[in-house]
Amino acid sequence: MKKILSKNDNIAVTGIARGGKTVFLTSLLAQLEEFDQAEFSFAGNSKIEAFKELKTKSDFIRQFPLDRYRDFLAMRGSWPEKTSDAYCYSCEYWRSDWKFWKQRVNFFDFPGERIADSAIAAISDYGKWSEHILNHLRNHKSLFEDSRGYFEILENPSAPLEEIIFEYKLTLARLILNFKPLITPSTFLLSKEGITAKKASESELASQRACGLDFDSEFVPLSREYCEKNPENAEIMQSNFKLYRKNVVMPLYRELGKCRKLIVLIDLPTLLAGGVGQYNDNRQILQDLFQTLRPDSSIGRKLASTIKFWQRPLEKVAFAASKADMIYNGDIENGRAEGLLRQLTSKARKIVPEAEYRWFVCSACQSSRKGEKPYTLCGRPARNNPDKQIVEFEVPQLPENWPDSWKPGDYRFKALLPEVPKNTQKPPRHINLDAVFDFIAN
């Protein structure tokens, strides 16, 4: 029977700590497209039929290249390399449990790093944005310690603009190295091409990364006093600010404003491996995201006055620990992995309490199996394994609670190569991916 009505879902997918958004979407869409070949439970025992990819209409955000990424996984045996910071993907399909309806799903894949640009989305005036950012840096002691040199150079009205820009980039570099999340413009941390800043010294980061759309259109927050004495520099900064806002920030936030459902992917092994500084940084990014999405927060009210639909609250949120295949099976079964996920997200949940929340431990591409010895897994390590052999290796036991303090290297997890059928009709094997989609799409 022909489906004559359509139900639309707009679902945002983001991640912190290398959450694996690209692989998550690639595997999920492959399960839906090849549903008859997938081990994928949906809406009881309902079937998905007549899956069709639809063209997205965004002029600024690229269409998710599903076929390219499936080829990476299946034929090359490697994890996909991103070529953009954000993607859209639209599809529709028939559900056997719906008599007259077909379901259309619009996915929006966006990086958590762009949440630092929420003030740029909310404040269209460059001068007011500058005042907002400078006040934020000045009023938080830990941020001010890293930005002291920038405030000092702003006090010199004859300071060349290029020196001011470089000093602000040094400030952003220090914030990155000290695991502090206010990196705006966020392209300094994550470029439009999806390339993340590599670990380097302050001066190397300041030299290598652009603070704006590109190196020719960089901008930084200037004080009112400096702008009054250097109106030509203020005009340049304002022009570059508007260019960045138009081409980077507003397309992303307009898409995000349409989404009432959210999947947040969190890489627990990376957070444990990175130390307490990385944990604190990512937890703050998560809280900033939910403050931004809360319609009655100060930033949310400003966004609602700028972006259509922003005032509508979230309906559903799925928090997913997305690297289950790097964690020992026993720590999933005993609830430790989910417990850590709940602890990490507890404050973010309270910021938007009206949404429906669920927590999942999943893997979009299962690349390991349980080893014969306790706390071992079998898989193909991505490093120091030139022949890509399957080996048995030890994995650390997860703590029951996040420790009071821990250093990088206290927990060592192995990065793995993907285990995916070369027959692209066969979707990747997964852990609990269907449970995430069953919750968010119903």
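Heads up: the sequence shown at position 88 corresponds to 676 in this note's numbering, and the numbers run straight through without jumps. Virtual Cβ for every residue (Gly too), placed ideally from N, Cα, C. All of these numbers come straight from a predicted model, not from anything done at the bench.
Per the C-alpha coordinates, the member of Asp913, Asp884, Ala936 and Ala798 positioned closest to Thr858 is Asp913. Counting only residues of its own chain and dropping the five nearest sequence neighbours on each side, Arg848 has a CB closer than 7 Å to the CB of Asn598, Arg900, Leu902 and Glu903. Between Val808 and Cys799, the C-beta gap is smaller than 9 Å, which places the two residues in contact. If you draw a straight line from the Cα of Leu860 to the Cα of Asp998, it comes to about 8 Å. Check the Cα spacing between Leu1021 and each of Leu844, Pro1006 and Ser629: the tightest is with Ser629.
Every alpha helix (DSSP H) of 4 residues or more that sits fully in the stretch 613–661 is shown, in chain order, as 654–659. For Val1024, the enclosing alpha helix (DSSP H) covers residues Leu1021 to Ile1028. A contact is defined here as three or more CB-CB pairs under 8 Å, and the stretch 601–612 meets this definition with respect to the stretch 660–680. Between Val837 and the set Thr772, Leu1005 and Ile1028, the nearest pair of CA atoms involves Thr772. Note that the C-beta distance between Ala909 and Glu921 is not below 9 Å. If one requires a minimum length of 4 residues, the alpha helix (DSSP H) runs lying completely within the stretch 735–765 are 749–765, in chain order. Its Cα nearest to that of Gly888, the residue Ala710 stands out among Leu617, Ile636 and Ala710.
Between Tyr677 and Leu617, the C-beta gap is smaller than 9 Å, which places the two residues in contact.
Excluding its 5 nearest sequence neighbours in each direction, Arg650 has C-beta neighbours in its own chain below 7 Å: Ser672 and Tyr675, listed in chain order. By the Cβ criterion, the stretch 722–741 is in contact with the stretch 751–768, since at least three pairs of Cβ atoms, one from each stretch, lie closer than 8 Å.
For Thr602, same chain residues with a beta-carbon under 8 Å away, outside a window of 5 residues either side, are Lys609, Asp697, Phe698, Pro699, Gly700, Leu850, Ile851, Val852, Leu853 and Leu877 in chain order.
Note that the stretch 817–825 touches the stretch 740–760; at least 3 beta-carbon pairs, one per stretch, sit closer than 8 Å.
Between Ala952 and Ser893, the alpha-carbon positions lie close to 37 Å from each other.
A distance below 9 Å separates the beta carbons of Arg702 and Leu778.
As DSSP reads the structure, Ala906 sits in a beta bridge with Ile851 and Arg946. Taking the Cα of Ser706 as reference, the smallest distance to any Cα among Asp655, Ile873 and Trp990 is reached at Ile873.
Close CB contacts of Asn868 within its chain, under the 7 Å cut and outside five residues either way in sequence, are with Phe767 (chain order).
Partner residues in the beta bridge of Ile599, as assigned by DSSP, are Phe695 and Lys849.
By the neighbour-count criterion, in which a residue is buried when 16 or more other Cβ atoms sit within 10 angstroms of its Cβ, Ala638 is exposed. Of Arg833, Thr933 and Ala785, the smallest CA-CA separation from Asp855 is found for Thr933.
By the Cβ test, the stretch 750–760 is not in contact with the stretch 684–691, since fewer than three Cβ pairs between them sit closer than 8 Å. Contact between Gly845 and Ile895 is confirmed by a C-beta separation of about 4 Å, below the 8 Å threshold. Within its own chain, the residues whose Cβ lies closer than 8 Å to the Cβ of Gln875, once the five positions on either side in sequence are excluded, are Lys935, Ala936 and Ile939, listed in chain order. Excluding its 5 nearest sequence neighbours in each direction, Arg683 has C-beta neighbours in its own chain below 7 Å: Ala631, Ser634, Ile636 and Gln691, listed in chain order. Under the three-state reduction of DSSP output, Trp717 falls in the helix class. Close CB contacts of Glu790 within its chain, under the 8 Å cut and outside five residues either way in sequence, are with Leu758, Ala761, Arg762 and Leu765 (chain order). Here Ile978 carries a coil assignment [DSSP, helix/strand/coil]. Taking a 10 Å sphere around the C-beta of Pro974, we find fewer than 16 other C-beta atoms and assign the residue as exposed. For Ile604, the three-state secondary structure derived from DSSP is strand. Assigned with DSSP and collapsed to three states, Tyr677 falls in strand. Around the CB of Leu881, 16 or more other CB atoms lie within 10 Å, so the residue is classed as buried.
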